[in-house]
Amino acid sequence: MSEKINYTPQQQAAIQTSGKNILVAASAGSGKTKVLVERVLNLLQQQVGIDRLLVVTFTKAAAAEMKERIEQALQAELAQLNSKDVQRKQWLLQQRLKLKTADISTIDAFCLHLVQQYYYVIHLDPVFRQLTDETERQLLAEDVWAQVREKRYGQQRPAFEQLTQNFSNDRSDDGLSAVVMKVFEYANAQPQPIAWVKKLPAAYAWPQTGGFQQSSFYQKQLAPLLQAKLTTIERQLGVLEQQATENGLKKFAAAVTTDQQQVTELKQQLQTVSWDTLQAAVWDFKPARSAAQKLTDEQKLVKKQLTTQRQALKKEFEKLRTGFFSQNETQLQQVAHQAQQLVAELSQTVLDFMTAFRQAKQQRQLLDFSDIEHLAYQILTTRTPIGQQVRTDLQQHYQAIMIDEYQDTNQLQEAILQAIAQTQPGNLFMVGDAKQSIYGFRQADPTMFLEKFHSYQRTPALGQLITLPDNFRSSKTIDEFNNLIFSQLMDERIGGINYYQTAQLKYGAKYYDDLPTDPVEILLYTDQTQATSAQASSAMEPYQSDFSAESLTQGEIQLIGKRILKLKQQPLQIKTVVAGKTIVRPIEYQDIALLVPTRNNNLMILDEFQRLGIPVMIKDAQNYFQTIEIQIMVSFLQIIDNPYQDIPLVSVLRSPIVGLKENELAYLRINDRTDDYYTSVLHFWKNFDPAQANDFSQRLYQKIDWFIQLLQDLRTFARRNELAALIWRIYDKTGFLDYVGGMPGGTQRQANLHALYQRASVYEKMSYRGLFQFIRFILRMQQQQHDLAAAPAQATLDAVQVMTIHGSKGLEFPVVFLINATHQINQQDLRRSYQLNQIGGIGITWLNPKTRVKVPTLPKLLFDDQAQIKLAAEQMRLLYVALTRAKQKLIITGAYADPQLAISTWTAAQASSQLLLPTNIRQKTSSLMDWIGASLIRHPDFKALASDNQPLIRQLPQLTGFETSFLLKWITPDQLAIEPKQQPSQSLSHISSADQQQLNAIKQQLSYVYPDWQLTQTTAYQSVSEIKRLFNDPDEKELDFMEVDRPTPPARARRLVSNDLRLPQFMTTAKQPVATQIGTAVHLVLQKISLSQSPTQESLEALIQQLTNQGLIESSIAGQIDRQRILNFFASSLGRQLLAHPQQVEREIPFSLLLPVAKKSADILVHGIIDGFLSTVDQVLLFDYKTDFVLPHDQTKQQQICERYRGQLNLYSQALEKILQRPVNHKYLYLLAADQLVEL
């Protein structure tokens, strides 16, 4: 059905074999995806419908790619069919139509499909929202845990108090919270999480009969571990003895032989004596002393090296003694009893939390990914008749189940797939590579792959194992280099597989045969003047402002940039195969990938590469919250929510947004030493006296005044608007988004700020809302080191690509740099006070409540060792993924402060004369480079010796069997000597006349001022009342008052609109009428009152009642109208004139008026309603009533009111003069509250 490809026999077997469970161990570059697609197509050839297949992929992208490949193959075959193949054509068309809805998806999507289709089996409410945001889930879990914790505190349980003390400190109980959450998450990856939690105390059950050594724990777990550790020490002592003998160190060899004999005796006693006797023997062990012997200089050098190795073995034995053998049997039993009670309390606490968390999600109709998987498993395992029928139907429906990346599934996912799989015969097709299982932090469990790998290998009846060793991706040098490294690192104990015997890469990319051998390069930057080593991880992003390498990390990055430029200058020839044709072309930037263990240095890479003129694209953002721009924004949001937070406040004040210097910050504190910092700032701001201020304090005041006004504006804005709008307002008001664009790595920094804005938009759709909750949300993400976004800084096609090793899985590149290989492996999980184990449960360090001494339990020590092996295995697999991404060129880089110290570390590999490196080196290394160095140092081609004072390097001839070549170089700052790319400068005095004209034109363009800039500061439409509000009294905190005929800054003349919508009447609640409502009612009465006769108390009351009956005035407001004030108006001189000329009085006259803007030709449209005017033959009187509260004798307040409305009446006057075509003689303002008539 697909294009003709010459598959290997192993690939052909994977495509065609059926009738049994099949495990395909596909090495890197073996074409497993192509094989999986071809197997699907082969089943379609056999008339197995696409809708009868279940294909589970690890990512959505992989599922989409698989569907696309299948569709292309179907389309190709349809094009080849002739008109006679009607049935075949119809069948293929049906499959192509069904492909869109075929079960080719991730395990999460498949489980969701099961739950949505069969929810009724478990009586599940089908209406729910997926809790897809992990941080939202964590926030909800924290809230639930806080309730559970407080409830248990309220019960005053001594056991819970001891549990809290055991895992927390005297400052907080965060330690207890952490262990509860870890146990909860770990349990969720199990098929039966509740049962797993309930069984936790069982690890501490003491045997009812017999001694400790007869217990299952000792026989099956502890004794094998002790046996393995003592055997390792015994073997390494044997190697030391052999090396000492070969070099004539007889006395030293005799001492080592004595040590070896003691270790052998201890091994024999593991199963023959009591624990107390064994403990005493371990503590009685004393390394033998080496007698004096006359030695040559060379022998002294060898002895020094062997002594170092012997000291390392002594330390290993000491750890064994002080760890596992620190207590006798009675003490072990007492500690186990106390620990069991503690773990029982922990188990119950976790169960209470699980119940409460489940209920909280049910109340909100939420389901997270874990819930959906557990519900799918519950549907498939429910023992009701309908549940059994659903499971049977699914087993019969799916004729084949294919699982891609099988090594990355967990126990729960495995149980789900096994529940719908057929057994006689098996129909599971599992493809993956245990050497590429790098998602342990997601609870991926490669042991299931490895168990099947070994069981199928031993017992073919259980299933068929097919291996795909051919690597069609990489050159032979790279393949053999990987074989050289991993044959010395991986075995069944560490790595789960014997790499040398069963998993070596087989060179398959024969099209590289005609290329010259290109060695693998190991480039190590070293600078012994550096105080900090390259392995030290920084809490903040690294950054140096000048061009010199002021840190080991910066030097390494400059080294990488220089090597990339050299690859382009040579240039390296890249060989590719496109559509069956071989093409050789010069290297491009996009051919190069930089794989990083962490994202901490990505901004530095952007900066350094930009200086060197190397285009770069970051595919994984730097640890988001470590970037300075995001830290500043988070701090700003914190003080908008609550400014009384010293650290966030000072962070913003010190940032470029405000720009205070250290002495200015100190000055603010000195002036108010007792209050919090925000109070100190306010104290300075409110009490500033310009008359007494010096230049320093005046400049400081300008900054603080701007900041306080900005903060008040943003706090007001935050209460009325959404988060995303608030964040954008900060960008707009401060120019911060533009500012960071000018910083090193500015494009990436701007992408980070845009990501924060976008994340706030998404956050508004969650169950948590508001600024405080958002701050809590992002602080939580920061603690968990979750990124908000990973948007690339730029979309340059021809650019060097930077990505994490995890992100590179499944990809390939012609040239790969594994950089920062000396980065320290994170071993934080090994240092905590508890250790989780899938089989054993939990091992804890018990805190003696009386002595306050911490005692690690035996399960804790055992699980620590297993966790260390698990960590080492995953890091080896991570290294394997990194080194197998390269096609033609592989370069490894790192940085050491001291080369001698690095080589000294690597020489520990000589403690073994076997191919496999010593267990302690493989299990406890600190960096990937230490593994690589230890694997290379015994190779005959290792050229690291530069002087006689370096340790003697013992070669292992067996390593020459690997047909590879490598080159190791140490680069110092002097050898680096990188200068930034700079364009030659040109003195302005030598600019030609043509250039001067162009320069003048540029200056003219840059200094251009828009002549009608005032028009951009206002709208074309305004109401008079809106203009009046723009110029209200300053006490109203809107804008400064302005009289229309006064010069006014156009920037203030903007249209105001209300953010508040009037509530429907049915939603309003009874409230006391406000002044504006009463004022509106008074205006209505004055508009409707008859002027034909002088109003009386009775006629006025009748009018108000009439307006109330008509629904124009609410009864509650009608009662608040001051009748006497209205009568007093008509008793005034203006009122008497109106009554004297009722026919010439006009009231509530609407108008529209065009007014120019700052003497420009453009106009704005102003509209309004005039309260009234009187037009006689002799004069025009304009009047306006105001209901503002003012006392009759308060002349100052009356004057303020008049000034406030002067601009409004001036506009009315202008409009009326245009309407009547005659001047307005008098403008009156009548203050009803004071019974005052004022002429303006």
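Going by the working numbering, the sequence shown opens with residue 63, and the numbers climb by one from there. Backbone N, C-alpha and C fix where the C-beta goes; we use that ideal spot for every residue, glycine too. In this text, all values refer to a predicted model and were calculated from it rather than measured experimentally.
query	result
List the DSSP bridge partners of Pro-1212.	Ile-1231
Give the secondary structure of Lys-723 by DSSP, where H, G and I count as helix, E and B as strand, and everything else as coil.	coil
So what does DSSP say about Asn-533, is it helix, strand or coil?	strand
For Arg-453, count neighbouring C-beta atoms within 10 Å of its own C-beta (all shown protein chains included) and say buried if the count is 16 or more, exposed if not.	buried
Short of 6 Å in beta carbon distance, which residues of its chain neighbour Ile-954, apart from the five on each side in sequence? Order them along the chain.	Ile-584, Leu-880 and Ala-883
Excluding five sequence neighbours on each side, which residues of the same chain lie with their C-beta closer than 7 Å to the C-beta of Gln-1276?	Leu-1215
Could you tell me which uninterrupted alpha helix (DSSP H) segments, each at least 4 residues in length, are contained entirely in the stretch 458 to 493, listed from first to last along the chain?	473 to 482
For Val-696, which of helix, strand or coil comes out of DSSP?	helix
Please classify Leu-1163: is it buried, with 16 or more other beta-carbons within 10 angstroms of its beta-carbon, or exposed?	Note on identity: in this sequence residue 1163 is Glu, with Leu being the wrong assignment. Flag for Glu-1163 reads exposed.
Can you look up Phe-746 in the DSSP assignment and give me helix, strand or coil?	helix
Curious, which full-length beta strand (DSSP E) runs of at least 3 residues does the stretch 153 to 239 contain?	165 to 168
Give me the residue from Thr-444, Leu-382, Val-1147 and Asn-1190 with the minimum Cα distance to Ala-183.	Note that residue 183 corresponds to Val in the displayed sequence, not to Ala. Among Thr-444, Leu-382, Val-1147 and Asn-1190, the Cα nearest to that of Val-183 belongs to Thr-444.
Where does Phe-271 sit, in a helix, a strand or coil, going by DSSP?	Inspection of the sequence shows that residue 271 is occupied by Thr rather than by Phe. Looking at Thr-271 - three-state DSSP - the assignment turns out to be coil, as it is neither helix nor strand.
Could you have a look at Gln-389 and say whether DSSP puts it in helix, strand or coil?	coil
Over what stretch of residues does the alpha helix (DSSP H) that includes Val-943 continue unbroken?	920 to 945
First and last residue of the beta strand (DSSP E) that includes Gln-73?	Segment 71 to 78 is the alpha helix (DSSP H) holding Gln-73; no beta strand (DSSP E) there.
According to DSSP, is Met-805 helix, strand or coil?	coil
Counting Cβ pairs closer than 8 Å, one from the stretch 470 to 478 and one from the stretch 904 to 911, do we hit at least three?	no
Excluding the five sequence neighbours on either side, which residues of its own chain have a C-beta within less than 6 Å of the C-beta of Asp-1297, listed in chain order?	Asn-1190
Leaving out the 5 sequence neighbours to the left and right, which residues in its chain are closer than 6 Å to Ala-593 when beta-carbon positions are compared?	Model confidence at Ala-593 stands at a pLDDT of 44, short of 50, so the residue's coordinates are unreliable; what they give is reported in the following sentence. Correct list: empty, nothing qualifies.
Closer than 7 Å by C-beta to Pro-269: which residues in its own chain qualify, once you throw out the five before and the five after it? Chain order, please.	Gln-276 and Ser-277
Straight-line CA distance for Thr-509 to Leu-429?	28 Å
Quick check on the burial criterion: 16 or more other C-beta atoms within 10 angstroms. Buried or exposed for Phe-758?	exposed
Please name the residue, chosen from Leu-201, Leu-1200 and Tyr-468, that lies closest to Leu-841 on a Cα-to-Cα basis.	Leu-201
Does the distance from the CB of Val-802 to the CB of Arg-791 come in under 8 Å?	no
For Thr-168 versus Thr-121, is the C-beta spacing smaller than 8 Å?	yes
Thinking just about the alpha-carbon of each residue, which of Phe-279, Val-877, Tyr-958 and Gln-298 is nearest to the one in Leu-614?	Tyr-958
Using the rule of at least 16 other Cβ atoms within 10 Å of the residue's Cβ for burial, across every protein chain shown, is Ile-732 buried or exposed?	exposed
Would you tell me roughly how many angstroms separate the C-alpha atoms of Leu-115 and Phe-925, rounded to the nearest one?	40 Å
Report, in whole angstroms, the separation of the C-beta atoms of Tyr-573 and Lys-637, which I expect to be a contact under 8 Å.	7 Å
Decide if Trp-345 is buried, meaning its Cβ has at least 16 other Cβ atoms within 10 Å, or exposed.	exposed
Of the choices Ala-264, Gly-797 and Leu-815, whose alpha-carbon is the least far from that of Ala-786?	Leu-815
Considering only C-alpha positions, which residue in the set Phe-769, Ile-676, Gly-905 and Val-1300 is nearest to Gln-863?	Ile-676
So that I know if they touch, is there some Cβ in chain D lying closer than 8 Å to that of Asn-228?	Chain labels in this structure do not include chain D; a single protein chain is all it has.
For Ile-253, count neighbouring C-beta atoms within 10 Å of its own C-beta (all shown protein chains included) and say buried if the count is 16 or more, exposed if not.	Before going further, note that residue 253 is Pro rather than Ile in the sequence given. Buried, because 16 or more other Cβ atoms sit within 10 Å of the Cβ of Pro-253.
Would Asn-1171 and Leu-1243 qualify as a contact pair, given that the criterion is a beta-carbon distance under 8 Å?	no
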